[in-house]
Structures are given as structure tokens and as C-alpha cells.
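Note that the numbering used here has the sequence shown beginning at -11, numbered continuously upward.
Glycine is no exception: its CB is placed at the ideal position from the N, C-alpha and C atoms.
Quantities reported herein were computed from a predicted structural model and do not represent experimental measurements.
All remarks here apply to the structure that follows.
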Amino acid sequence: MEVLSEALPEDLFVKVCGILNIHAPKSGTDTNIETKENQRRITKHPLLSKRKTFTVNRELDSDTDVEIHSVVEDDGPNIHQEFLRKPIREQITWATRYLQPEQEHEKTLVKKADDLTNRIANQFCDYMKELGGDQQSQLFTPKTIKELFQIEFDTHAARSLKVVPKELPSINERIANVTGNKEKSRYAALDREISKDIKAESRANYVKCFERSLPRRDQWRTPVNDTKNQWKSARHVPKDLVTLKTVWEGITNLRSVKEYCRWMIEHPEHRRAPYLSSLGMFDRAVLDARLTVELNEPNIDAPAPIEHIRQRLSDLMEPN
-11 MEVLSEALPE DLFVKVCGIL NIHAPKSGTD TNIETKENQR RITKHPLLSK
39 RKTFTVNREL DSDTDVEIHS VVEDDGPNIH QEFLRKPIRE QITWATRYLQ
89 PEQEHEKTLV KKADDLTNRI ANQFCDYMKE LGGDQQSQLF TPKTIKELFQ
139 IEFDTHAARS LKVVPKELPS INERIANVTG NKEKSRYAAL DREISKDIKA
189 ESRANYVKCF ERSLPRRDQW RTPVNDTKNQ WKSARHVPKD LVTLKTVWEG
239 ITNLRSVKEY CRWMIEHPEH RRAPYLSSLG MFDRAVLDAR LTVELNEPNI
289 DAPAPIEHIR QRLSDLMEPN
């Protein structure tokens, strides 16, 4: 048995003894463990904490040999630790010169919005005061300006209104074209949502079944928003705006407009303004002819500045 115990590992030796119905002798490690456990059992600790209690083991030889057990007590949250976890500006609530001014990146979005609103209101009031006047109006105060342009709506109706904003997953038009995902662009996503609204408005009301009213959560009432005429119709767009006559009329003689037309001639893939096309501005011959006519016209002196006119009038008013 001693030869087997030396040749085989301990766990394998125990299995072999179990198969052969042979009592395996205890190894030296087991005796050492028991000795250590007995010694640990009667060890005394001189330093005790307030969370430890004494329990006397009656099986020991003497009543003076005791064991020490830690008792875990749930005292609730520690107010000091909770206080230290707070931001520094919530810990310090008194006026002190050691606290540094709040940095811009430390402010919340609400705080940033309030600071920006106050800055704009103060700048506007200073601007109105700089305009001068014998009597300054009491209207131009920061408080009044903020009340005039406020967007908050704090009434009973606003408190009872629930708004659930939802983000429409989409990407920029340029990124969609570069990556080849045009269906994920903003305009494509908006067009899909408009189509869904139009389809929902075409559904019939569904409030009864078998001549009985359905529960309110199962009812469907068709919304009346006239989405199709608002988004898919262009009946109210003026003709001058469609042809871009409103934009280009009266400035076709400018050099910048002509250079724009030359650039459009070199890039025919872009859509052109119908008004400029009707004038022949996208024809090189027409552009060259316009340039020739302008060069042949006599130069007209530019109007005198307003300062020269005032000086001339003052000279005329002076006595000889």
C-alpha cells in the first residue's frame, strides 16, 4: 500500500482503494489540516472591533478560550458616503471664494440655455439703449424681453398634455448618396412617414362590431389632417417662384450671375433655373453677345457718396 500511495496520485490512489475495498490510510496533509483547524479555533485576537461579539464554546477545556465572530449589521445608507458622492457644487452650499466658477462643460443643457437667453436679452437691451433718446422705455429690460420671446407654456392644459417625441432614424442626404443608402436619407424617411399618414387617413372608422361598440382601446378613428394636400400638392406655389423668376429677375447683368451660368454650362448634370433658360443665359453665344454690348456702352460715373453730397450742400448754404 505504501508503494501504491507513493507511485499514484492521491485522488487516483483513493479510487483504487475504493474499488479494492481497502481502507486508504490518511495522508499527512489531512492531519496537518485538522491541527491547523484546532489551533485556529482557540486563537485569541487582542484587538476587537465594535461589530464583534464573544461566544463561549462549551466544548473547549476552559471557559476562558473564546471564539470571535463578526456580525454583519445593516445600518442603512451612510449619509457621509452619500454626501461625498455628490458633485462638488452640490456639496458646497455656502458662499466661499475657494470655489472656482462653473466651467462651460460642467453646465447642464438647461443651464446653458438659460445663460444664452440671458446673454441675448442683455445684449439686446444694451443695443436699444445705445440708440439714444431722451426717455428710455421700460419695455427694453431683460425680464420683459424674455417674457416677450418665451416659448414656455406653464398652464393647467400644458401640465395635462403628454408629448412623446420620437427620433426618426435617418442620415444626411450627402452621406446616403456616398454610401449608396438613399432609402435611409432624411427626405426618404420623411416621405415614408408622410405616405404612412396618407394611408392611415384613407382607412375607414372602426368603432363597432356586430352592432356593438368596441372598447375604446380597440377603436380606430380616421385622423382628418389633409396630409395629402399639405405635402403632396403644389397648387399654391406661385409661377414666378417655380420658374425662379423672383430670384433672378433684375440681376442678370451682374458678373457673378454670368459666371454662374458659365459654370452651369460646364456642368450640365445640375438642374437649371427655367427663368434663366428662357433668357438664353445658358448659351455661350448669348453670354458673349451680352458681354460685347456692355463693353461698347459708355461708362457711367458712379454716384457720389452721401458724404460728398452733404459737403456740397453745406458749401452751397454758406454765405459768400
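Asked, Found
"Is it buried or exposed for Ile133, if we count other Cβ within 10 angstroms and need 16 for buried?", "buried"
"If you draw a straight line from the C-alpha of Lys154 to the C-alpha of Arg147, how long is it?", "20 Å"
"When the Cα of Val212 is compared with those of Arg204, Ser221, Asn193, which residue comes out closest?", "Asn193"
"Count the other C-beta atoms from every protein chain shown that fall within 10 angstroms of the C-beta of Trp236, then say buried if there are 16 or more, exposed otherwise.", "buried"
"Among Lys227, Asp214, Asp206, Glu257, whose alpha-carbon lies nearest the alpha-carbon of Glu189?", "Asp214"
"Could you tell me the alpha carbon to alpha carbon distance between His11 and Gly64, rounded to whole angstroms?", "54 Å"
"Quick one: using the 10 Å Cβ neighbour count with 16 as the cut-off for buried, is Cys249 buried or exposed?", "buried"
"Since Cys197 sits in a beta bridge, which residues does DSSP pair it with?", "Arg200"
"Taking all protein chains shown into account, decide if Ala109 is buried (16 or more other Cβ within 10 angstroms of its Cβ) or exposed.", "buried"
"Tell me Trp208's beta-bridge partners as DSSP assigns them.", "Tyr194"
"Taking a contact to mean a Cβ-Cβ separation below 8 Å, would you say Val245 touches Ile239 in this structure?", "yes"
"Looking only at its own chain, which residues have a Cβ that is under 7 Å from the Cβ of Glu161, when we skip the five neighbours before and after it?", "Ser173, Arg174, Tyr175"
"Grab the span of the alpha helix (DSSP H) containing Phe112 for me, first residue to last.", "97 to 118"
"Strictly by DSSP, which residues pair up with Val159?", "The sequence given here places Ile at residue 159; Val does not occur at that position. Ile159 pairs with Ser173."
"From Gly168, Lys227, Leu149, Leu178, pick the residue whose C-alpha is nearest to that of Ser158; which is it?", "Leu178"
"According to DSSP, is Tyr248 helix, strand or coil?", "helix"
"Quick check on the burial criterion: 16 or more other C-beta atoms within 10 angstroms. Buried or exposed for Ala164?", "buried"
"Just checking my contact of Leu264 with Phe270 at CB under 8 Å: how many whole Å lie between their CB atoms?", "6 Å"
"In the structure shown, what three-state DSSP assignment does Arg260 receive?", "coil"
"With a threshold of 8 Å on Cβ separation, who are the neighbours of Leu(-4) within its own chain once the five nearest residues in sequence on each side are excluded?", "Val4"
"Quick check: what's the CA-CA separation for Arg209 versus Ile182?", "18 Å"
"Grab the span of the alpha helix (DSSP H) containing Phe1 for me, first residue to last.", "-2 to 7"
"Compute the Euclidean distance between the alpha carbons of Ser266 and Val230, then round it to the nearest angstrom.", "13 Å"
"When you compare the CB positions of Asn106 and Pro130, do they come within less than 8 Å of one another, or not?", "yes"
"Where does Glu78 sit, in a helix, a strand or coil, going by DSSP?", "helix"
"At the level of alpha carbons, what is the spacing between Phe1 and Glu70?", "57 Å"
"One question on the structure: do Cys113 and Phe137 come within less than 8 Å of each other, judged by their Cβ atoms?", "no"
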